[in-house]
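In mature numbering (1 follows the signal peptide of the UniProt record, and there is no 0), the protein residues as written are -18 to -1, 1 to 341.
Read through the structure below, which is laid out as structure tokens, and then see the notes.
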């Protein structure tokens, strides 16, 4: 115990000496979502997830995996291919009542030109002096799920989350956090709860001020030193209901809601205490071999500018529609999702592919 107290005292002392920030949007690359099935259904997976991607959506659902090993891979590109988003996950049972999962996420913009040395000592442009760096965010999730035979239909799970963020050689951060999840299943109904960043995930930034002070001085900007950034907790609640039609066709209907507690956000339901972002999704299957999916979320109010007065005169409601398809051949499944169909929101189209293999 004495070593535990020493670590706690050191941690509290470190936090008290560093500048602590609690921005409204922190570690937002972890809010994108994983798996083309989930993205095609509008990210309504808190209660519907039933595969290896549960390590991200709701770790308690890892217990739904039916094979000894399951692997999933995903790749997506955003902003015309500038940003790359990659995901890999693995899960396996430990014993008859518990499962273990590992997930890795990377969101990055690579090959960013560093033009600080574009001009040589004589003031001439020398393109050979341009260097390149990456701005990358990494997340490593270790997931554990366990069911309790005495509590029929109840499953519990948790994630240990390690965050690493890099901005070339200019700055980097390490973070740590915890997620917990629960799933209750009764006949064709499922209710899921996922509490993310329950301990307020922290990122401790180390800034190489020596590389930046000259540029910041020329632009009259304030250069921030080392600091710690906190990500506040978020609660996701979902409900899913499934039914079969003559054993040939199946339907899965889902409803999710994200509750945030960092002040008012531009979502459907908002207040100073909590903001609620609802989403709905559907999945149709034919003999559990072919799948069609659709979902709607990200409902916002967007201000529009009057072209004559250049003033914000009215608002319009936007939303993000999504669709997807999937095919399962034995224990191999490939899924595709297209987001923002019909260009109804401010976000851009994204094509997402993912594969899943059980063996």
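We treat Cβ as the ideally placed atom computed from N, Cα and C, and that holds for glycine.
What span of residues does the alpha helix (DSSP H) with residue i cover, start to end?
i           : result
residue 197 : 191 to 200
residue 38  : 36 to 39
Distance check for residue j and residue i, CA to CA, integer angstroms please.
i           : j           : result
residue 24  : residue 206 : 37 Å
residue 15  : residue 300 : 20 Å
residue 173 : residue 238 : 10 Å
residue 78  : residue 136 : 15 Å
residue 124 : residue 94  : 31 Å
residue 39  : residue 176 : 7 Å
residue 231 : residue 317 : 18 Å
residue 83  : residue 195 : 43 Å
residue 346 : residue 32  : Residue 346 lies beyond the range of the chain shown here (-18 to 341); nothing can be said about it.
residue 11  : residue 86  : 12 Å
residue 280 : residue 302 : 6 Å
residue 289 : residue 282 : 22 Å
residue 180 : residue 215 : 5 Å
residue 210 : residue 18  : 33 Å
residue 340 : residue 34  : 9 Å
residue 158 : residue 105 : 45 Å
residue 304 : residue 250 : 18 Å
residue 312 : residue 13  : 31 Å
residue 97  : residue 70  : 34 Å
residue 109 : residue 72  : 44 Å
residue 254 : residue 193 : 40 Å
residue 208 : residue 9   : 17 Å
residue 100 : residue 178 : 44 Å
residue 234 : residue 28  : 13 Å
Going by other Cβ atoms of all chains shown within 10 Å of its Cβ, with 16 needed for buried, is residue i buried or exposed?
i           : result
residue 182 : exposed
residue 267 : buried
residue 112 : exposed
residue 218 : buried
residue 103 : exposed
residue 170 : exposed
residue 292 : exposed
residue 338 : buried
residue 334 : buried
residue 67  : buried
residue 371 : Nothing can be reported for residue 371: it is not among the residues displayed for the chain, which extend from -18 to 341.
residue 309 : exposed
residue 76  : exposed
residue 5   : exposed
residue 145 : buried
residue 296 : exposed
residue 7   : exposed
residue 89  : buried
residue 298 : exposed
residue 121 : buried
residue 92  : exposed
Looking at the strands, I want to know which residues DSSP matches up with residue i.
i           : result
residue 218 : 176, 240
residue 311 : 314
residue 306 : 275, 319
residue 139 : 127, 163
residue 346 : No answer is possible for residue 346: it lies beyond the span of the chain, which begins at -18 and ends at 341.
residue 94  : 115
residue 110 : Looking at the DSSP assignment, residue 110 forms no beta bridge with any residue, so it has no partner.
residue 77  : 80
residue 231 : 227, 268
residue 121 : 87, 145
residue 182 : None, per the DSSP bridge assignment.
residue 294 : 287
residue 65  : 60, 91
residue 27  : Answer by DSSP bridge pairing: none, since residue 27 is not bridged.
Just curious, the beta strand (DSSP E) that residue i is in, first and last residue?
i           : result
residue 19  : It is not in any beta strand (DSSP E) - residue 19 instead sits in the alpha helix (DSSP H) that spans 18 to 22.
residue 164 : 153 to 168
residue 268 : 257 to 268
residue 250 : It is not in any beta strand (DSSP E) - residue 250 carries neither H nor E in the DSSP assignment.
residue 209 : 209 to 213
If you measure from the beta carbon of residue i to each beta carbon in chain B, is any gap under 8 Å?
i          : result
residue 47 : In the structure shown, chain B does not exist; there is a single protein chain.
* Asked: Counting pairs of Cβ atoms below 8 Å between the region 162 to 176 and the region 40 to 57, do you hit three or more?
  -> yes
* **Touching by the beta-carbon criterion (3+ pairs, under 8 Å), the region 125 to 134 and the region 183 to 196** => no
* To do: Assess, as a yes-or-no matter, whether the region 216 to 232 is touched by the region 191 to 206 under the definition of 3 or more beta carbon pairs within less than 8 Å.
  => no
* Asked: Between the region 260 to 278 and the region 20 to 35, are three or more C-beta pairs nearer than 8 Å?
  -> yes
* contact_flag[the region 103 to 123, the region 150 to 159] where n(CB pairs < 8 Å) is 3 or more -> yes
* To do: Evaluate contact between the region 272 to 291 and the region 49 to 67, counting only Cβ atoms and requiring at least three cross-stretch pairs below 8 Å.
  => no
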